[in-house]
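Q:
Numbering (my numbering), first residue to last: 7 to 390.
1) Can you tell me whether residue 102 is buried or exposed, with buried defined as 16 or more other CB within 10 angstroms of its CB?
2) Note down, in chain order, each residue of its chain lying with its Cβ closer than 6 Å to the Cβ of residue 325, except the 5 sequence neighbours on either side.
3) Report yes if the CB atom of residue 191 is closer than 8 Å to the CB atom of residue 253, and no otherwise.
4) May I have the straight-line CA-CA distance separating residue 171 from residue 201, to the nearest angstrom?
5) Taking the alpha carbon of residue 65 as the point to measure from, which residue in 95, 308, 255, 134 has its own alpha carbon closest?
6) Here's a check: name, in chain order, each residue in its chain whose Cβ is nearer than 6 Å to the Cβ of residue 37, leaving out the five neighbours to either side.
7) Starting from the Cα of residue 264, find the closest Cα among 146, 107, 236 and give me that residue.
8) Taking the DSSP output, what are the residues bridged to residue 322?
9) What's the C-alpha gap between residue 227 and residue 285?
10) For residue 237, collect the residues of the same chain with a Cβ closer than 6 Å to its Cβ; drop the 5 residues on either side in sequence, then sort them by chain order.
11) Starting from the Cα of residue 258, find the closest Cα among 373, 42, 53, 40 and give me that residue.
12) Under 8 Å, with one C-beta from each stretch per pair, do the region 212-223 and the region 87-104 reach the 3-pair mark?
13) Do residue 11 and residue 24 have their beta-carbon atoms positioned less than 8 Å apart in this structure?
14) Assuming residue 144 and residue 129 make a contact with CB atoms under 8 Å, what is their CB distance in whole Å?
15) Quick one: complete alpha helix (DSSP H) runs, 4+ long, within the region 61-113?
16) Can you check which of these residues, 375, 104, 360, 39, is closest to residue 343 by C-alpha distance?
17) So, at 7 Å on beta carbons, what are the nonlocal neighbours of residue 256 in its own chain, with the 5 sequence-adjacent residues on each side left out?
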């Protein structure tokens, strides 16, 4: 609905939003919550992302298809799709795959940023200024052909769940041009909800063209504007530890699920096809990814849903994002992270009471998953 306005009272302040244009109703796309973050006290909580709210994989697939359909087919190649960790690793991968289906192009590579240090060659690192965890790393693809496409890229497609200032996209684009490829001609930003407002979007695009000579376009399912009147006490909110210890994590990440680039859209599908999970009619199952590892769990949930049509399947993933109870967040579990970082992780809105069966999917050893989480959910742990 166009020109819809809302005023949302949060524990951290008052968020005011105005919808300028939207493919779906605001209530179909997102809700709102408060962050435990003195730099930003609010959060747009997506209802189609499968992160903080458990949803049907059909809803996620529909989101991927809608966004991919909006990306120009004739972008100068090679084209690099970059999903932003941790929230948009699945979103980025899903939109990339749908774009491959739509275009049939073979000059595309997908990669996602990461918060983790690896003993691999970095392409660049940059900051997400307002985030609870600011540092992003982007590694060079490990496959020779993917690396060739990456280094000779002429177009970037940057994907995140939402945009509120666009600074992260600008920081990443400039770093990519300076450190990876000076041949970038076009940038496409892809988000579910874009809250920058038409004026700021235009200013960002003009500035990037003047500074880097890059033509920019924006893709979203909803565009609008926001303002936030922070509560005076927000500055006193203590931000939980969210940055890693800098230790190498190669021993935990034995398989490349996107951090080191992928140019074969079918790679993860072939892994999921090895799993034939059966559910009883009427059984409710949650497939839970952990942190950045969220696209393969989505594919597994999609497969389970397909072959168990009389059951109910939902998917989401854990997060290091500290969100307050209230608004879109009705419940929250806190537990130790799975990557030896000594960082609290969270499961928002998912609980044992809502499901008959919970499958925790991890790329790290099963023993890395906090037993407190496993017991709280009565879960099975699947390693990939």
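All C-beta atoms, glycine included, are put in the ideal place defined by N, C-alpha and C.
A: Taking the definition as stated:
1) By the 16-neighbour rule on beta-carbons within 10 angstroms, residue 102 is buried.
2) Take residue 325, set aside five residues on each side of it, and the residues of its chain with a beta-carbon closer than 6 Å to its own are 352, in chain order.
3) Result no, Cβ atoms of residue 191 and residue 253 do not sit closer than 8 Å.
4) Residue 201 has its alpha-carbon roughly 8 Å from the corresponding atom of residue 171.
5) Nearest neighbour of residue 65 by Cα position, chosen from 95, 308, 255, 134, turns out to be 308.
6) When the five nearest sequence neighbours on each side are left out, the beta carbons in the same chain lying within less than 6 Å of the beta carbon of residue 37 are those of 51, 334, in order along the chain.
7) The residue with the shortest Cα to Cα distance from residue 264 is 146.
8) Looking at the DSSP output, residue 322 sits in a beta bridge with 294.
9) Computed Cα separation, rounded: 33 Å.
10) Closer than 6 Å at the Cβ level, and outside the excluded window around residue 237, lie 18, 19.
11) It is 373.
12) Contact between the region 212-223 and the region 87-104 is absent, because fewer than three Cβ pairs lie under 8 Å.
13) Result yes, Cβ atoms of residue 24 and residue 11 sit closer than 8 Å.
14) Indeed they touch by this definition, with Cβ atoms about 5 Å apart.
15) Listed in chain order, the complete alpha helix (DSSP H) runs (minimum 4 residues) inside the region 61-113 are 63-76, 95-109.
16) When 375, 104, 360, 39 are compared, the shortest CA-CA separation from residue 343 is found for 375.
17) Counting only Cβ-Cβ distances below 7 Å, and skipping sequence neighbours, we find 124, 125.
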